[in-house]
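Residues in the sequence shown are numbered consecutively from 31, following the numbering used here. Note that the Cβ used here is the ideal one computed from N, Cα and C, for glycine as well. A short write-up of the structure that comes next.
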Amino acid sequence: MCVFSINFLTFHYIPNLKILAEKSALNHMSHNLKKFLLKSAIVLAVIHFAYFIYGYFKFAGIKEINIYTEFYRFKFYDDVSISHFFITCLFLLTILILLIRNHTKQKYSAKNLLTIGAALLAIVLLSLTFFISYSFGLNAKLRQELPEKKFNADKTLLNVLNPFLYPGSAYNSETLFNVTNILYPKPYPVVEVRDTVFYDLTNKDYFSLQTAYYSIDTLKMLTSDYEKLKGATSSASDFFGFDQKEILKRIITKTVRKDSTEIIYRGSEVNPQYDDNICIFLENKMLISPIEDQNVPKQQRQNAIQRYRLLYKLNKDSLLQSFKKLDTLFKRYKIESSINPTALTQDVFRFRDKDQQELNQIRNNFDRNALIEKIKILNRLFYQPSYFHSSIRMIFFIVLFSTWLFGFIIFVSVNLLRKPKQLEVNELK
């Protein structure tokens with residue numbers, strides 16, 4: 031009876047236990063495979079870090095930035111691309127060999143194969159993106175050499191001093207230098223109004239154009255009060271200083287927001303030609319480069335206020351120090367310049383005092399186009415970095431998926447054709 035029981039257990043339970051063990055092995059990846067994938071990821075992280083460090087020390091500095099500068103794109107012929115190609119090929123080939131040699135003796139379920147496939151896709155992706163870590167290294171060194179706060183301070187300095195930095199012939203341009211561009215002090219800004227005056231109403235050939243400037247004033251009031259004021263001629267005349275008909279003529283814009291009305295209108299007449307508190311350098315509000323994410327009109331006004339202070343409120347040394355900072359900036363950015371801060375300061379104050387006939391002789395020679403181009407490039411590197419260049423995206427994804435698919439098909443094929451480790455042991459027995 032005892033012998034019968036043992037035989038029964040041997041022939042009925044032990045095979046069932048073997049089947050359960052095989053099913054359990056099928057549903058779980060081996061510990062060794064998980065450890066292998068983890069080690070592969072660690073090696074990749076080390077290589078990425080090495081490329082980051084290489085990019086960090088390879089950055090040549092803002093002096094060497096030019097129109098062709100970008101963080102990086104795979105160029106197929108430089109040291110980064112060549113090393114990237116060989117390291118990637120060697121690493122992926124090693125991974126595939128070790129994977130087939132050591133981890134195909136166990137049968138895997140469809141779910142596990144999908145998990146392994148996803149892990150291999152991640153490994154291939156990381157193996158093909160060392161150049162992006164190189165780009166991060168370049169960016170890190172750029173931002174260390176030129177922090178965004180310092181870059182914004184440089185742009186502010188350039189924007190404030192911009193009207194002093196045009197070539198002499200540009201000061202004759204009414205587009206660049208015009209009274210309507212003055213933003214400070216009061217009563218500026220002004221609006222220009224041109225009227226045609228006919229000397230003989232019967233002969234339209236005899237006429238002249240007259241230009242007048244008016245301050246731009248703003249009035250906010252309740253809409254109901256505005257309607258009453260508009261309807262009462264005497265009240266409107268007392269409030270605005272001119273009659274009702276002239277009020278409607280002078281309104282530039284009228285904005286109604288719920289129960290309030292904002293009116294922007296032409297105020298009192300201004301005579302810039304007789305104003306000793308303005309000069310041609312205030313007649314320009316252009317920015318060489320606005321600061322990112324800040325209101326442009328607000329920046330223009332702040333720059334105009336600072337420019338006015340340098341010209342009329344502060345002593346000459348303040349403007350001189352600003353030009354010295356500008357000279358230092360040109361050297362840091364490697365901009366060709368022959369500006370002498372002392373001489374330029376003297377010229378500015380001479381031309382400020384209405385001696386503008388010889389503005390073309392202002393001593394502010396520098397490579398303006400190179401400066402503007404470099405600022406544009408830096409703006410792109412700061413705010414529109416292209417770590418993954420559009421010219422290589424299609425090739426990159428083709429290489430990524432074809433490499434992964436090739437390796438994964440080989441792994442699955444070998445895994446299906448190769449006998450499980452347990453069967454090999456049984457056959458040997």
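Under a Cβ-count criterion, where at least 16 other Cβ atoms within 10 Å of its own Cβ denotes burial, should Ala548 be classed as buried or exposed? Nothing can be reported for residue 548, as the shown portion of the chain is limited to 31 through 459.
Considering only the alpha carbon of each residue, which of Ala71, Ala242, Ile246 and Val286 lies closest to Thr253? Nearest option by C-alpha distance: Val286.
Which residue's Cα is closest to the Cα of Phe161: Tyr243, Phe82, Asp289 and Phe66? Measuring from the Cα of Phe161, the nearest candidate turns out to be Phe82.
Top-ranked residue by Cα proximity to Val442, from Ile130, Val110, Ile77 and Pro371: For Val442, the closest alpha carbon among the candidates Ile130, Val110, Ile77 and Pro371 is that of Ile130.
If you reduce the DSSP assignment to three classes, tell me which class Gln136 lands in. Three-state result, Gln136: coil.
Look at Leu156 and Ala334 and say whether their C-beta atoms are less than 7 angstroms apart. At least 7 angstroms separates the beta-carbon of Leu156 from that of Ala334.
Please state whether DSSP places Thr285 in a helix, a strand or coil. For Thr285, the three-state secondary structure derived from DSSP is strand.
Starting from the C-beta of Pro193, find all residues in its chain whose C-beta is less than 6 angstroms away, skip the five residues before and the five after it, and write them out in chain order. Taken in chain order, the residues that qualify are Phe311 and Asn314.
Taking all protein chains shown into account, decide if Ile365 is buried (16 or more other Cβ within 10 angstroms of its Cβ) or exposed. Ile365 comes out buried.
Should the stretch 302-309 be called in touch with the stretch 164-172, which here means at least 3 C-beta pairs below 8 angstroms? They do not touch, by the three-pair rule.
Please list the terminal residues of the continuous beta strand (DSSP E) segment that includes Gly297. Where Gly297 is concerned, the enclosing beta strand (DSSP E) starts and stops at Ser290 to Val300.
Simplified DSSP assignment, three categories, for Ile422: Shown here, Ile422 sits in a helix according to DSSP, grouped into three states.
Please list, in chain order, all residues of the same chain as Lys354 whose beta carbon is under 8 angstroms from its beta carbon, the five residues on each side excluded. Only Pro371 meet the Cβ criterion.
Whether Leu191 touches Leu356 by CB criterion (7 angstroms): For Leu191 and Leu356, yes; Cβs fall inside 7 angstroms.
Assign Gly91 to one of two classes, buried (16 or more other C-beta atoms within 10 Å of its C-beta) or exposed (fewer than that). Counting Cβ neighbours within 10 Å, Gly91 comes out exposed, since fewer than 16 surround it.
Run the CB neighbour count on Asn132, radius 10 Å, all protein chains shown included, and call it buried at 16 or more, exposed below. Residue burial annotation: Asn132 is exposed, with fewer than 16 other C-beta atoms found within 10 angstroms of its C-beta.
Looking at Asn189 and the ligand COA, is the gap between the Cβ and the nearest heavy atom below 6 angstroms? What this structure holds is no ligand at all, so the ligand COA is not there to describe.
Is it the case that the Cβ atoms of Phe101 and Ser165 are separated by a distance below 7 angstroms? Yes, the pair counts as a contact, with Cβ atoms nearer than the cut-off.
Chain D within 7 angstroms of Arg380, Cβ atoms only: Given the protein chain composition of this structure (a single chain), no chain D is represented.
With distances taken Cα to Cα, identify the nearest neighbour of Ala152 among Leu122, Gln330 and Phe181. Of the listed residues, the one whose Cα sits closest to Ala152 is Leu122.
How would you label Leu196, buried or exposed, when you count the other beta carbons within 10 angstroms and need 16 or more for buried? According to the sequence as given, residue 196 is Tyr; it is not Leu. Its Cβ being crowded by 16 or more others within 10 Å, Tyr196 is buried.
Have a look at the DSSP bridge pairing and note the partners of Ala242. BP columns for Ala242 point to Val223.
Boundaries (first-last residue) of the alpha helix (DSSP H) holding Tyr81: Per DSSP, Tyr81 belongs to the alpha helix (DSSP H) from His61 to Lys88.
Within 10 angstroms of its Cβ, does Gln136 collect 16 or more other Cβ (buried), or is it exposed? Buried, by the Cβ-count rule.
Neighbourhood of Ala51 by C-beta, 7 angstroms cutoff - its chain only, sequence neighbours within 5 removed: Here the model assigns Ala51 a pLDDT of 44, short of 50, so the residue's position is not dependable, and the following value carries that caveat. Excluding residues within five positions, none has a Cβ falling inside 7 angstroms.
Can you tell me whether Ser368 is buried or exposed, with buried defined as 16 or more other CB within 10 angstroms of its CB? It is exposed - the Cβ of Ser368 has fewer than 16 other Cβ atoms within 10 Å.
Can you give me the C-alpha to C-alpha distance between Phe89 and Asp289, rounded to a whole angstrom? One C-alpha to the other measures close to 58 angstroms.
Thinking C-alpha only, which one of Ile117, Phe360 and Ala149 is nearest Asn395? Nearest to Asn395 by C-alpha distance, out of Ile117, Phe360 and Ala149, is Phe360.
Considering only the beta carbon of each residue, do Ser298 and Ser238 sit closer than 7 angstroms? Ser238 is positioned such that its CB atom lies no closer than 7 angstroms to that of Ser298.
Rounded straight-line distance, which links the Cα of Phe438 to that of Leu150: In this structure, the CA atom of Leu150 is about 7 angstroms from the CA atom of Phe438.
Determine the burial state of Phe381: buried for a count of at least 16 other Cβ atoms within 10 Å of its Cβ, exposed for fewer. It is buried - the Cβ of Phe381 has at least 16 other Cβ atoms within 10 Å.
Identify, in the order they occur along the chain, each residue of the same chain with its Cβ nearer than 7 angstroms to the Cβ of Val444, setting aside the five sequence neighbours on each side. The beta carbon of Val444 lies closer than 7 angstroms to those of Ile130 and Thr134 in the same chain, with the five residues before and after it left out.
Within 10 angstroms of its Cβ, does Leu144 collect 16 or more other Cβ (buried), or is it exposed? Leu144 comes out exposed.
Look at the alpha carbon of Val209 and the alpha carbon of Asp306, and state the distance between them as a whole number of angstroms. Going by the C-alpha atoms only, they are around 13 angstroms apart.
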